[in-house]
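What follows is a short report on a single structure.
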Amino acid sequence: MEAGEIASFLCSTFGLQNNKAPAFSKGCGSLRYITTPCGVFADIDKFNHTIVPVPTAQYGERLVFKLVVDGEICIRNRAGEQWLARGSLFLTTLTPGYEESFTSPGTLFAIACEKHRCQRIMPLLRRDNGVAMQLNHSDFQYLTQLINHYINNGGKISSALSTVNSEMIIALLGEMLLQSPPPRQARLTARNHNIIAIESYISEHLHNPQLDANRVSEGVRLSVNYINRLLAEDNLSLMKLVWQRRLDEAKMLLQTPAMQHLQLAEIAWQCGFRSQSHFCQAFKKRFGATPKAVRAAHLD
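Position 164, counted from 1, in the sequence shown is what the UniProt record's numbering calls 164; the numbers after and before it change by one each time, with no gaps.
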């Protein structure tokens, strides 16, 4: 099923529609799904439009799980706005005022089920109008593979086994959310998880002079805007963080006895600077002294 049909699927199955008529290009998105007595399991790939509830549809008894596999989405509802990055699990009802925006072509699993299948989690939904958590890497990989396998093979097995598997997945997603940290702690956990991933990627590719915002964004599968919002809390931007890490690495090399044989040009190159002059200017601006002076002071 191609992108042009995703809108009608969202409307008929989830009670969602495009906020404004999109101009689809062929191949910009695709969809796989399976319908069982327990719910509808859909894998929506490379979708990038804003969707809202269908005004005339009555979906008050339906819940929707969303697992963000790639990209990021912005959810707006009566409780406010929240950003769901790769690895986020979210459960919501399609209430008036709900809006979901894909800031870049995104991939997610969407699972619709009746409210009676998630009775234990309903108190959280009534309180927060939506429950979200950031999965750790292992849990994310497990759930992604499990749901993907089910969508691919659910139609090939008996209806009884298909129903049991779909019930198990819905119950598993609900339990994950029940065991998630409180909202504020969850936001901090998600932020820390993403910051660690960003800093790790930068450290691993620091020597590459072509390391820029877009390369980091692609490497950690988070948009540049989302990363900059995360770092703004520490008065940083993505590229400011990259240059800080490069300069910190250079200072460490200058102060390491085993690296005293390295020329300044070699250190600049190893830390991703295109020229020694650019390196020296940036180093002095950050540390208030030239690289040569810092090396000499450490040797003394």
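All residues carry an ideal CB built from backbone N, CA and C; glycine is no exception.
Classification of residue i by the beta-carbon crowding that lies within 10 angstroms, buried from 16 upward
i: Arg229; result: exposed
i: Lys26; result: Note that Lys26 scores a pLDDT of 48, beneath 50, so its modelled location is shaky and nothing firm can be said.
i: Met133; result: buried
i: Asn19; result: exposed
i: Leu299; result: exposed
i: Pro291; result: buried
i: Ser12; result: exposed
i: Asp43; result: buried
i: Gly130; result: buried
i: Ile6; result: buried
i: Thr36; result: buried
i: Arg246; result: buried
i: His49; result: buried
i: Ile227; result: buried
i: Leu222; result: buried
i: Asn136; result: exposed
i: Gln17; result: buried
i: Arg274; result: exposed
Beta-carbon proximity check, residue i vs residue j, cutoff 8 Å
i: Gln281; j: Ala268; result: no
i: Leu231; j: Met176; result: no
i: Gly39; j: Ile170; result: yes
i: Thr95; j: Val69; result: no
i: Val220; j: Tyr201; result: yes
i: Ile34; j: Ile151; result: yes
i: Ile111; j: Phe47; result: no
i: Asp45; j: Leu31; result: yes
i: Glu72; j: Ala85; result: yes
i: Ala297; j: Cys271; result: no
i: Leu125; j: Leu91; result: yes
i: Ala258; j: Met239; result: no
i: Cys113; j: Leu178; result: no
Residue span of the beta strand (DSSP E) that contains residue i, given as start and end
i: Asp139; result: Asp139 -> not in any beta strand (DSSP E); alpha helix (DSSP H) instead, spanning 137-153.
i: Glu81; result: 80-84
i: Gln134; result: 131-134
i: Gln17; result: 16-18
Cross-strand partners of residue i (DSSP beta bridge)
i: Met176; result: In DSSP, Met176 forms no bridge with anything.
i: Cys113; result: Gly39, Leu63
i: Thr107; result: Asp70
i: Gly51; result: It should be pointed out that residue 51 corresponds to Ile in this sequence rather than to Gly. BP columns for Ile51 point to Asn18, Glu100.
i: Ile196; result: DSSP lists no partner for Ile196.
i: Leu230; result: According to DSSP, which records beta bridges pairwise, Leu230 is partnered with nothing at all.
i: Leu31; result: Ile44
i: Arg76; result: Glu81, Glu99
Residue i: first and last residue of the uninterrupted alpha helix (DSSP H) it sits in
i: Ala293; result: 291-299
i: Lys285; result: 276-287
i: Leu241; result: 238-254
i: Leu89; result: Unbroken run through Leu89 is the beta strand (DSSP E), 88-93; no alpha helix (DSSP H).
i: Asn208; result: Here Asn208 belongs to no alpha helix (DSSP H), and DSSP marks it neither H nor E.
i: Leu10; result: It is not in any alpha helix (DSSP H) - Leu10 carries neither H nor E in the DSSP assignment.
i: Ile157; result: Premise fails: Ile157 is in no alpha helix (DSSP H) and is neither H nor E.
i: Gly219; result: 213-220
Neighbour flag for residue i against chain B, beta carbons, 8 Å
i: Ser180; result: No chain B appears in this structure, which consists of one protein chain only.
Is the region 202-218 in contact with the region 155-172, if contact means three or more CB pairs nearer than 8 Å? No, the region 202-218 does not touch the region 155-172.
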